[in-house]
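Structure, as structure tokens:
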Amino acid sequence: MKRYLVFALVGPFVGGFLLLLTTTYQSGYWAQTNLAEVGKLFAVFFKTLQYSYLFGFLPSLMIGAVDDILLHIRRIGPGLRMLLVGLFAFVLASLTYSSRGPDSGAVQFILYGLVGFVPAVISSWLVHRYVEEPQAAPAPT
């Protein structure tokens, strides 16, 4: 249960911030912005944080479920599990957020994929680091 709580708390927070950074980059905001206007970015982030949790809660729990499933496969270690969970989230986020129109491309696919990859890997690492994992039962003799 703690595993899902970590994914539900960390995923929408980090993913929402990365989604905001990606959309502002895609819109050209950073090309004409000075350092003084960066405060506006954080103001928008905290004003829209409730929507990040509203729309990111269930996808984060789904990624947590994938992490939980991979935990029970003995051959997969923690590092490989974090990578697999991150790659799964990368594909899902890039297919969900990136467009298929004339403005699509590799940069857009990668940026939106990182919106899923980074929170999934951070959450999986936090779960591995701070939540006790069940020990495998000894094989019957």
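Under this note's numbering, the first residue of the sequence shown is numbered 617, with each subsequent residue one higher.
Every residue, glycine too, gets a C-beta built ideally from N, C-alpha and C.
Please read all numbers here as calculations on a predicted model, not as lab measurements.
Looking only at C-alpha atoms, which of Leu700, Glu748, Ser739 and Gly672 sits nearest to Thr712?
Within the sequence shown, the letter at position 96 stands for residue 712. Out of Leu700, Glu748, Ser739 and Gly672, Gly672 has the C-alpha closest to the C-alpha of Thr712.
Rounded separation between Leu674 and Ser643 - CA only
By one-based count along the sequence shown, residue 674 stands at place 58. By one-based count along the sequence shown, residue 643 stands at place 27. Going by the C-alpha atoms only, they are around 27 Å apart.
Test item: CB-CB of Tyr728 and Ser740 under 8 Å:
Within the sequence shown, residue 728 is the residue found at index 112, counting from 1. Within the sequence shown, residue 740 is the residue found at index 124, counting from 1. The answer is no: Cβ separation not under 8 Å.
Through-space distance from His744 to Ala709, alpha-carbon basis:
In the sequence shown, residue 709 corresponds to position 93, counting from 1. In the sequence shown, residue 744 corresponds to position 128, counting from 1. Those two C-alpha atoms are separated by around 23 Å.
Beta-carbon within less than 6 Å of Gly655's beta-carbon, same chain only, minus the 5 sequence neighbours each way: which residues are those?
Along the sequence shown, one-based indexing puts residue 655 at 39. Excluding sequence neighbours, Gly655 sits near nothing in its chain.
Under a Cβ-count criterion, where at least 16 other Cβ atoms within 10 Å of its own Cβ denotes burial, should Ala705 be classed as buried or exposed?
Start at 1 with the first residue of the sequence shown, and residue 705 comes out as number 89. It is buried - the Cβ of Ala705 has at least 16 other Cβ atoms within 10 Å.
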